[in-house]
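Here's the structure, in structure tokens; my notes come after.
Protein chains: 2
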Amino acid sequence: MTTIRDIARISGHSVATVSRVLNHKKYVSPSVRAHIQSVIDELDYVPNAVARDLSRGKTMNIGVVLLNLPHPYYTDINAGIMAAAFAAGYNVVLLQSKYDDDQERAYLEQLRRKAFDGLIFTTHNIPIEEMLPYRKYGPVVVCHDPGDVDIDAAFSQRGPSYIQAFTWIHRHNFKKVALLLPRDPALSATAAETVTAYKQVFGADPLGSLTRLGSMTYADGYAAAEYYVTNGLHPDFIFANGDDIATGVAQYYKDHHLLTPGLMGQDRQLSGELLGIPTIDHHYKDVGATALRLAIGKATGKHGLHSDFLTRE
Amino acid sequence: MTTIRDIARISGHSVATVSRVLNHKKYVSPSVRAHIQSVIDELDYVPNAVARDLSRGKTMNIGVVLLNLPHPYYTDINAGIMAAAFAAGYNVVLLQSKYDDDQERAYLEQLRRKAFDGLIFTTHNIPIEEMLPYRKYGPVVVCHDPGDVDIDAAFSQRGPSYIQAFTWIHRHNFKKVALLLPRDPALSATAAETVTAYKQVFGADPLGSLTRLGSMTYADGYAAAEYYVTNGLHPDFIFANGDDIATGVAQYYKDHHLLTPGLMGQDRQLSGELLGIPTIDHHYKDVGATALRLAIGKATGKHGLHSDFLTRE
DNA sequence: TTGTACGCGTTATCAC
DNA sequence: GTGATAACGCGTACAA
Chain A
13 MTTIRDIARI SGHSVATVSR VLNHKKYVSP SVRAHIQSVI DELDYVPNAV ARDLSRGKTM
73 NIGVVLLNLP HPYYTDINAG IMAAAFAAGY NVVLLQSKYD DDQERAYLEQ LRRKAFDGLI
133 FTTHNIPIEE MLPYRKYGPV VVCHDPGDVD IDAAFSQRGP SYIQAFTWIH RHNFKKVALL
193 LPRDPALSAT AAETVTAYKQ VFGADPLGSL TRLGSMTYAD GYAAAEYYVT NGLHPDFIFA
253 NGDDIATGVA QYYKDHHLLT PGLMGQDRQL SGELLGIPTI DHHYKDVGAT ALRLAIGKAT
313 GKHGLHSDFL TRE
Chain B
13 MTTIRDIARI SGHSVATVSR VLNHKKYVSP SVRAHIQSVI DELDYVPNAV ARDLSRGKTM
73 NIGVVLLNLP HPYYTDINAG IMAAAFAAGY NVVLLQSKYD DDQERAYLEQ LRRKAFDGLI
133 FTTHNIPIEE MLPYRKYGPV VVCHDPGDVD IDAAFSQRGP SYIQAFTWIH RHNFKKVALL
193 LPRDPALSAT AAETVTAYKQ VFGADPLGSL TRLGSMTYAD GYAAAEYYVT NGLHPDFIFA
253 NGDDIATGVA QYYKDHHLLT PGLMGQDRQL SGELLGIPTI DHHYKDVGAT ALRLAIGKAT
313 GKHGLHSDFL TRE
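Line by line, the protein sequences are chains A and B.
When the letters of the first sequence are read in order and numbered with this note's numbering, they come out as residues 13 to 325.
When the letters of the second sequence are read in order and numbered with this note's numbering, they come out as residues 13 to 325.
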């Protein structure tokens, strides 16, 4: 393996001058630059990326913690992160999480060990408070509204579009509205915002018997519909946390030749487009792009991004 | 920033001994180990990951070149890579490509600069021959059948299931079979395999007027159907390169109250499940997992993985 | 404009 | 068991 020292020795110059040539810096005479470059070319030399990172104290890597799920939240947010990282000359290191606290802590430790320059949690299980001490090692970004906690954040401002969505439902005179939520509102900010918006519009808590947690996939939607039907519950509207999930709901009713209740999805997926149901576009790609800017220190603070309620009428 | 030398100095031992403690190596007396550990804990010291990588000459990073598209090929293959990398203790660095030759060459250069230990091309534009010289810097893996070229590869063995698929179409007495292909068969191995299988089963070239290139999305499927109808072409079967694409086809016919021709998709997506059309499961997740094993040197050679034709009847 | 010398933080080799 | 020291390969004050 040839090193910068080899180039220096063979070209008859110092490593400092070779380094200047490598990094296209000034204060090298054209003739010396040309000669050193010729040696570099001849020996087919390239600098070692790790040594450079060590010397510079930067890796140009951003760690991204995500669940390995084919869900639009992750695919879109990741697409936004990737595009922004690419544009800024950063690399993205994918860090898998599975709601595993210790694993998430390990990623924070990697930040502390300078394995990356910044860390984005697209999802997390550990309390945000555990992240705060790590900010001194580099930007730590979360992708939901952190409330009063002082941490960089990029997230979809769901509240307003949820209000719009429930207002639409309310105006259409639906009374027995079922909610399909990803997780317990006590744990999931998304679920909590859904419930809050519901209360604000309907002036009452959502019906407990019609609220289902753990809804993530098409199959979950199908199962939820089955649950409602077999238990004699008859919601006149089902608010699903995803177009695919809503599609599962619709499929159950269709399979059993039952009248499908009113239906709404989220995430503007192909499946919802085909059903022609209303949806909410959370613009996760923009969330990802913003998160990356925070992670590389190009921005700071909390960024609530606009989301769109779409009737698809 | 506290370093291993600080720990050595304060504990009154050598950096070598501290290093042994850090890496849980033998030949350290329990008492010394305990004392050094106490100093480590007290100073809240952690080793620097980059320095460790430099010293070891390994990064435990695998570069993965992919298109930033929400297509099951990429999401599934990536999921497989991620899962396998996680299990093996490797990190995945996502490298964006956009059919840009120079960009792909830059990634090969990064491998040469030791930025990662191995490189996986889930897609590539440059000829494989350009990759060969880089194998001396670490494993270079492609995700399609490389033919006679000597390079590590993991890919879906499409041929047999394509034969099955076309045989199924043939048996059902369809005559005017349209093909929706991702790219020109001269450029895309997938497209070429499709054509080859067609020929083998039908004993003739696919109908040129019914073959469409550049088919990638739902919208492309919709546009293809529109093309057929408005040009008075009337395929009795359409073989699409994706369930979503087939769904676009079906939607056009439905929107225009026309009888939908026979239809088949690929990639076992939700949309195709709903349509109830046959599909081919290419098991991209397995492809990804195998590619990673190649990239970390746990395996070598060419691995053609089995794919499944599913009638969904 | 160029070169010297040291720092970056760790691991590995060898002598003791 | 333990320690001194040489890699690892590059960047950069500082001196010249």
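For glycine and all other residues, C-beta sits at the position ideal for the given N, C-alpha and C.
Bear in mind that the values here come from a model prediction, so they are computed numbers and not experimental data.
Check	Outcome
Use the C-beta contact count for B/K211: other C-beta atoms within 10 angstroms, 16 or more gives buried, fewer gives exposed.	exposed
What residues match up with A/F133 in a beta bridge as DSSP calls it?	A/V77 and A/V154
Taking Cβ-Cβ distances shorter than 8 Å, what residues in chain A pair up with B/P82?	P84, T87, D88 and A91
Can at least three beta-carbon pairs, one atom from the region 206-221 of chain B and one from the region 144-151 of chain B, be found at a separation below 8 Å?	no
Taking the Cβ atom as the reference point for each residue, do B/S173 and B/I292 lie within a distance shorter than 7 Å?	yes
Below 8 Å on C-beta distance, what does A/P151 contact in chain B?	None at all; the shortest Cβ gap to chain B is about 17 Å.
Any C-beta of chain B sitting closer than 7 Å to the C-beta of A/H133?	Residue 133 of chain A is actually Phe in this sequence, not His. Not one chain B Cβ lies under 7 Å of A/F133.
So what's B/K314 in DSSP terms, helix, strand or just coil?	strand
What is the DSSP secondary structure of B/M94, reduced to helix, strand or coil?	helix
Return the residue from the list A/D164, A/L275, A/E54 and A/L78 that minimises the CA-CA distance to A/N137.	A/L78
Out of B/F249, B/V51, B/T29 and B/L286, state which residue places its alpha-carbon closest to the alpha-carbon of B/F327.	There is no way to answer for residue 327 of chain B, as the model of chain B reaches only from 13 to 325.
Within 10 angstroms of its Cβ, does A/H36 collect 16 or more other Cβ (buried), or is it exposed?	exposed
Between the region 86-101 of chain A and the region 78-90 of chain B, can you find at least three pairs of beta-carbon atoms closer than 8 Å?	yes
Report back the beta-carbon spacing between B/L286 and A/Q263 to the nearest angstrom; my notes put them in contact at under 8 Å.	7 Å
Between B/S31, B/H156, B/E116 and B/Y102, which lies nearest to A/G119 when the distance is taken from Cα to Cα?	According to the sequence displayed, residue 119 of chain A carries Tyr and not Gly. It is B/Y102 whose Cα lies nearest to the Cα of A/Y119.
Is it buried or exposed for A/T323, if we count other Cβ within 10 angstroms and need 16 for buried?	exposed
List the DSSP bridge partners of B/T223.	B/L191
Given that a residue counts as buried once 16 or more other Cβ atoms are within 10 Å of its Cβ, and exposed if not, what is A/H315?	buried
Taking the continuous beta strand (DSSP E) assigned at A/F249, which residues delimit it?	F249 to F251
Say whether chain A places a C-beta atom closer than 7 Å to the C-beta of B/R125.	yes
For chain B, check one thing: does any of its Cβ atoms lie closer than 7 Å to the Cβ of A/A63?	yes
Answer with buried or exposed for A/R224, where buried requires no fewer than 16 other C-beta atoms within 10 angstroms of its C-beta.	buried
Going by DSSP, what residue range makes up the alpha helix (DSSP H) through A/T323?	Counting along the chain, A/T323 falls outside any alpha helix (DSSP H), and DSSP gives it neither H nor E.
Near B/L131, which residues of its chain fall below 6 Å by C-beta distance, leaving aside the five closest residues on each side in sequence?	G75, L123 and V152
Which partner residues does B/Q108 have in the DSSP bridge list?	B/L78
Measuring alpha carbon to alpha carbon, tell me which residue in B/M72, B/Y39 and B/I19 is nearest B/L55.	B/I19
Please state whether the Cβ-Cβ distance between B/V33 and B/I48 is less than 7 Å.	yes
Check A/T208 in the structure and name its three-state DSSP category.	helix
Which same chain residues, not among the five before or five after B/P59, have their C-beta less than 8 Å away from its C-beta?	I16 and L34
Using C-beta distances below 6 Å, list every residue in its chain close to B/A190, excluding the 5 sequence neighbours before and after it, in chain order.	L222, P247 and I250
Since A/Y230 meets chain B, which of its residues come closer than 7 Å, beta carbon to beta carbon?	L282
Does the pairing of the region 94-101 of chain A with the region 150-164 of chain A give three or more beta-carbon distances under 8 Å?	no
Please report the straight-line C-alpha distance between B/R64 and B/S26, rounded to a whole angstrom.	17 Å
Which residues, in chain order, does the region 253-284 of chain A contribute to contact with chain B at a C-beta distance below 8 Å?	D256, T259, Q263, L282 and S283
Does chain B have any CB closer than 7 Å to the CB of A/V27?	no
Give the secondary structure of B/D279 by DSSP, where H, G and I count as helix, E and B as strand, and everything else as coil.	coil
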